[in-house]
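Some notes on the structure that comes next.
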Amino acid sequence: MTPGLAPDPHAASCPTCRDRIEGLAAGREHLADLAALATKAESGPRVPVPAALSRLSRTLARAEELVRAAERDDDALPAWLDEASARPDFPDVALHALQIASRLTSRRPSVALSFARSIRQRLHGDVGGDQALLAAEIGLLESQSFVYVGRIDEACERALAASSAIEAADAPALLRARANYYAGSALWGAGRSEAALSRLLAAREAFAADGQDPWVGRAEGAIGLVHFSEARFREALHAFDAALERLDPDVDPGPWEAIQQNRAGILMNLGRLSEARSAFGQALELAVRHGLSAAATTVRVNLLNLGLEEGTFEDVRVRGKKLVAFCAREGLSVDAYYARLALAEAQAALGNYGEVRALVEAIRGDAPPEVRDDPDATVLLDRLDAGDHEMAGRLRRLRHYLSGRDRFEAAKRA
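And the structure:
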């Protein structure tokens with residue numbers, strides 16, 4: 046499949062081709078693809094598959110089995126991990142399993158964290174050599190998962206430590222680039238935009254040099270997020286469009302959904318509401334179809350914000366109450382925060398001031414790092430003790446500030 050072209054009917058229906066495509070998109074070693082090619086029937090005498098390629102194919106198959114067991118909450122997984130950890134090839138199997146398990150982070154981040162923890166518990170002796178690289182991969186998977194559940198400081202800590210370990214191990218360029226990508230993503234979540242952009246630009250260049258087009262697309266998407274958070278909306282749109290050109294939604298559903306969702310957020314801030322609703326709809330449909338439950342929840346929170354812009358306050362109130370309860374139950378603290386903020390604004394617009402006061406107390410007490418550590422956002426939070434009739438406007442002002450809309454408007458006026 047070539048990104049930007051119509052999916053190949055054969056590739057879309059053939060399990061072998063799908064596995065190969067997904068493997069390449071996930072950034073796994075090219076040798077796995079070569080191993081599959083080497084096993085194809087050819088005319089003339091069969092050429093023996095090199096032992097290293099056969100061994101790698103078996104390693105990837107065992108790694109995939111472990112991740113699938115985690116996905117289906119298989120009770121036998123601990124026993125399988127115990128058995129695998131007793132084998133000499135455990136570092137290789139676990140390394141590939143951790144990379145494959147990246148797909149769990151946008152679907153079930155708690156399962157991804159549990160899987161990483163299970164691998165960490167089975168490291169033997171001093172963490173050096175192969176195990177040092179394995180420990181770094183554990184940190185990268187934990188970092189990705191922490192981002193989704195709102196534990197941003199821990200995400201940064203794990204990603205930066207992993208990146209340093211991978212550099213020290215003189216790992217292949219692709220692994221170093223992945224580490225920079227995940228570290229940059231975590232740094233962006235912590236509001237450290239300059240450091241994030243430096244990491245992400247380096248990752249993009251390394252992915253391009255290695256011919257990893259899907260990873261280039263992911264990096265472009267993350268670069269767009271940095272521009273988005275700095276209210277450079279046109280630069281962000283350019284980066285998001287470049288990313289979508291390189292990603293196939295059915296091969297890379299997680300990154301494609303995230304980029305499309307953030308693109309929709311920019312359209313909303315630009316006042317292009319019908320285009321924003323269409324883009325959010327595409328992101329949500331893909332997230333639901335591929336079981337990306339955490340990502341689908343974030344889209345639904347953004348649809349609350351779009352409803353506020355459209356003035357459908359009663360609809361936002363009904364959907365917002367359900368969404369707040371769901372986020373709290375699933376431990377999605379950041380999504381819960383922004384859902385409460387949207388719900389509070391809808392309740393204020395409807396004159397339900399008792400509900401508003403209870404929500405504002407939670408909004409002030411549970412602010413995530415990007416709000417808590419921003420002096421201007423803190424001032425806006427402090428102003429939420431205004432009289433009832435001022436609350437809707439002040440909540441809207443906070444929401445617009447956090448989305449970057451105010452800074453974009455100020456730049457336009459300058």
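Read in order, the letters of the sequence shown are residues 46 to 459 in the numbering used here. Backbone N, C-alpha and C fix where the C-beta goes; we use that ideal spot for every residue, glycine too.
Asked	Found
Distance between Leu440 and Asp430 (C-alpha atoms, nearest Å)	11 Å
Start-end ranges of the alpha helix (DSSP H) lying completely within the stretch 357–429, minimum 4 residues	358–375, 378–394, 398–410, 414–417, 420–427
Cut-off 7 Å between Cβ atoms - residues of its own chain near Ala108, not counting five sequence neighbours on either side	Val138, His141, Ala142, Ile145
Distance, Thr343 Cα to His335 Cα	15 Å
As assigned by DSSP and simplified to three states, the class of Gly266	helix
Complete runs of the alpha helix (DSSP H) confined to the stretch 178–253 [at least 4 residues]	197–213, 218–234
Assigned secondary structure, His434 (DSSP; H/G/I helix, E/B strand, else coil)	helix
Cβ contact (3+ pairs, closer than 8 Å) linking the stretch 324–331 and the stretch 357–377	no
Cβ-based burial, Gly184 [other Cβ within 10 Å; buried from 16]	buried
Where the alpha helix (DSSP H) containing Glu275 begins and where it ends	Here Glu275 belongs to no alpha helix (DSSP H), and DSSP marks it neither H nor E.
Residue of Gln257, Ala214, Pro294 minimising C-alpha distance to Val333	Pro294
Rounded separation between Val194 and Gly376 - CA only	7 Å
Element boundaries [alpha helix (DSSP H), containing Leu122]	122–130
Beta-carbon proximity of Phe273 to Ala281, cut-off 7 Å	yes
Outcome for Pro123 when other beta-carbon atoms lying within 10 angstroms are tallied against a minimum of 16	exposed
Rounded separation between Gly449 and Arg291 - CA only	26 Å
Pick from His283, Ala288, Trp233 that is closest to Val261, judged by C-alpha positions	Ala288
Three-state class that DSSP yields for Gly316 in the structure shown	coil
Thr104, DSSP secondary structure in three states	helix
Ala284 to Ala181 span [Cα, whole Å]	29 Å
Identity of the residue in Leu443, Met436, Glu354 nearest Asp421 by Cα	Leu443
Alpha-carbon to alpha-carbon, Gly269 and Ala373	29 Å
Straight-line gap, Gln257 to Ile211 (C-alpha atoms, nearest Å)	19 Å
Beta-carbon spacing of Glu275, Ser238 below 7 Å	yes
Reduced DSSP category for Leu447 - H, G, I as helix; E, B as strand; rest coil	helix
Residue burial classification, Val213 (beta-carbon count within 10 angstroms, cutoff 16)	Going by the sequence as given, residue 213 is Ala instead of Val. By the 10 Å Cβ count, Ala213 comes out exposed.
Stretch pair the stretch 411–419 + the stretch 216–236: three plus CB contacts closer than 8 Å	yes
Own chain residues within Cβ distance below 8 Å of Ala177, not counting five before or after	Ala210, Ala213, Ala214
Alpha helix (DSSP H) segment containing Thr343, residue limits	338–355
Continuous alpha helix (DSSP H) stretch holding Gln166: start and end	Element bounds for Gln166: n/a, residue is neither H nor E.
Spatially closest choice to Tyr382 from Leu349, Gly399, Glu355, Thr357, by CA coordinates	Leu349
Exposure of Trp301, with buried meaning 16 or more beta-carbon neighbours within 10 Å	buried
Alpha carbon of Val112 to alpha carbon of Leu168, nearest angstrom	18 Å
Check whether Ala161 and Thr150 have beta carbons under 7 Å apart	no
Euclidean distance between Cα positions of Gln305 and Asp120	36 Å
Option nearest Glu116 by Cα separation, candidates Ala131, Thr104, Ser155	Ser155
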